[in-house]
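The sequence shown lines up with residues 1 to 265 when you count with full-length UniProt numbering. In this text, a Cβ means the ideal position worked out from N, Cα and C, and glycines have one as well. Here the structure is a predicted model, which means the values were calculated and not measured. Notes to accompany the following structure.
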Amino acid sequence: MELDPQSAYSAIQTGIRQASALVVTYSFSVIGAILLMVIGFLVAGLVERWLFAGLGRVGGFDLTLRRFLSKIARYFVLGLVVVMVLGQFGIQTASVIAAIGAVGLAIGLALQGTLQNIAAGIMLLALRPLRIGEYVEVGSVSGTVEEIGLFATRLRAADGIYILAPNSTLWTLPVKNYTRNGVRRTDITITIPNSDDIEAMQKSLMKLAERDARVKKEPTPAAFVADLGDSSVSITLRYWTSVGDFAATQAEMNKNVRNTLNQMA
Numbered sequence: 001m002e003l004d005p006q007s008a009y010s011a012i013q014t015g016i017r018q019a020s021a022l023v024v025t026y027s028f029s030v031i032g033a034i035l036l037m038v039i040g041f042l043v044a045g046l047v048e049r050w051l052f053a054g055l056g057r058v059g060g061f062d063l064t065l066r067r068f069l070s071k072i073a074r075y076f077v078l079g080l081v082v083v084m085v086l087g088q089f090g091i092q093t094a095s096v097i098a099a100i101g102a103v104g105l106a107i108g109l110a111l112q113g114t115l116q117n118i119a120a121g122i123m124l125l126a127l128r129p130l131r132i133g134e135y136v137e138v139g140s141v142s143g144t145v146e147e148i149g150l151f152a153t154r155l156r157a158a159d160g161i162y163i164l165a166p167n168s169t170l171w172t173l174p175v176k177n178y179t180r181n182g183v184r185r186t187d188i189t190i191t192i193p194n195s196d197d198i199e200a201m202q203k204s205l206m207k208l209a210e211r212d213a214r215v216k217k218e219p220t221p222a223a224f225v226a227d228l229g230d231s232s233v234s235i236t237l238r239y240w241t242s243v244g245d246f247a248a249t250q251a252e253m254n255k256n257v258r259n260t261l262n263q264m265a
């Protein structure tokens with residue numbers, strides 16, 4: 001079939017007009033989308049830096065939590081920008097948001113345990129029941145805190161063993177923090193026969209505590225009868241030291257108490 005030149009010319013003209021209309025229509029959309037992306041990236045960066053700096057002025061706010069929250073704010077702004085860019089091309093953003101929500105729900109269910117650790121990490125960083133350098137005991141986990149992450153916390157046990165504990169474990173169990181209050185109490189209990197001079201032993205134990213400069217004057221050290229048996233008496237020496245002096249003082253005091261017992265035997 002032979003094509004009429006006039007018809008062909010008309011079809012070409014029609015195609016050119018339609019293409020020109022499409023170019024004009026979508027060129028504005030493309031330019032608008034590019035402007036939105038550029039402005040959105042700039043605003044997202046400004047929001048991230050502003051939030052990071054603002055949280056830094058809050059006393060004791062953890063650095064890791066500052067970074068996490070500022071990144072969340074940045075990605076939230078970028079998400080809004082993506083939705084606005086899609087709207088420039090006539091895409092129904094409500095459907096996109098619904099699809100993203102469904103995908104997010106599926107991912108959340110698949111990563112439920114991980115999200116629990118993240119939530120627990122945020123609570124640990126915000127409420128700070130433990131800090132880096134503190135010695136803590138949580139359930140069967142004990143050691144010096146070396147790093148608090150969003151997923152897990154790294155500790156070093158007293159014997160140097162590496163421990164990585166999930167944040168959800170540390171958050172859901174009671175925390176014993178041996179460092180936080182700055183002082184620790186020590187009780188040393190000895191047992192002597194009823195025939196021994198109880199008062200003399202109490203005075204000897206008190207002298208040991210009073211001679212040691214690491215033992216705090218307040219609370220006052222005490223030596224008291226802790227238990228009475230049929231043929232023996234238990235006497236407890238109680239004193240307080242700083243956390244840093246606790247282990248060394250306890251070791252030396254145990255040795256001195258033993259020497260005192262031998263001298264009075």
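- Apart from the 5 residues on each side of it in sequence, Ser-242 sits with its Cβ closer than 7 Å to the Cβ of Gly-182, Val-183 in its chain, given in chain order.
- About 14 Å separates the beta carbon of Leu-127 from that of Val-136, a gap too long to meet the 8 Å contact definition.
- Contact check between the region 67-80 and the region 39-47: three or more CB pairs, one atom from each, fall below 8 Å, which counts as touching.
- Taken in chain order, the complete beta strand (DSSP E) segments of 3 or more residues contained in the UniProt domain "Mechanosensitive ion channel MscS" (114-180) are 135-138, 141-148, 152-156, 162-166, 175-177.
- Restricting attention to Ala-119, Thr-179, Ala-33, Ala-223, the CA atom closest to the CA of Gly-133 is found in Thr-179.
- The C-beta distance from Val-215 to Leu-170 rounds to 33 Å, too long to fall under 8 Å, and the pair is not in contact.
- Inter-segment contact for the region 136-156 and the region 188-195 is absent: fewer than three beta-carbon pairs are separated by less than 8 Å.
- Arg-66 and Thr-153 have their alpha carbons spaced roughly 17 Å apart.
- By the beta-carbon neighbour count (other beta carbons within 10 angstroms, threshold 16), Met-201 is buried.
- With fewer than 16 other CB atoms across the displayed protein chains lying within 10 angstroms of its CB, Phe-224 is exposed.
- Judged by their CB atoms, Leu-35 and Leu-51 are not nearer to each other than the 8 Å cut-off.
- In the DSSP assignment, Arg-214 falls outside any alpha helix (DSSP H) and carries neither an H nor an E.
- Counting along the chain, no beta strand (DSSP E) covers Arg-57, and no H or E run does either.
- Of the other Cβ atoms in all chains shown, fewer than 16 fall within 10 Å of the Cβ of Thr-220; this residue is therefore exposed.
- The C-alpha of Leu-125 is placed about 14 Å away from the C-alpha of Gly-56.
- Judged by beta-carbon spacing, Ile-161 lies beyond the 8 Å limit of Leu-205, meaning their Cβ atoms are not closer than that value.
- Each of Ala-209, Ala-120, Ser-231 was checked against the Cα of Ala-222, and the nearest Cα belongs to Ala-209.
- Take the alpha-carbon of Ala-247 and the one of Thr-114: they are about 37 Å apart.
- Rounded to whole angstroms, Met-264 and Ala-213 show a C-alpha spacing of 24 Å.
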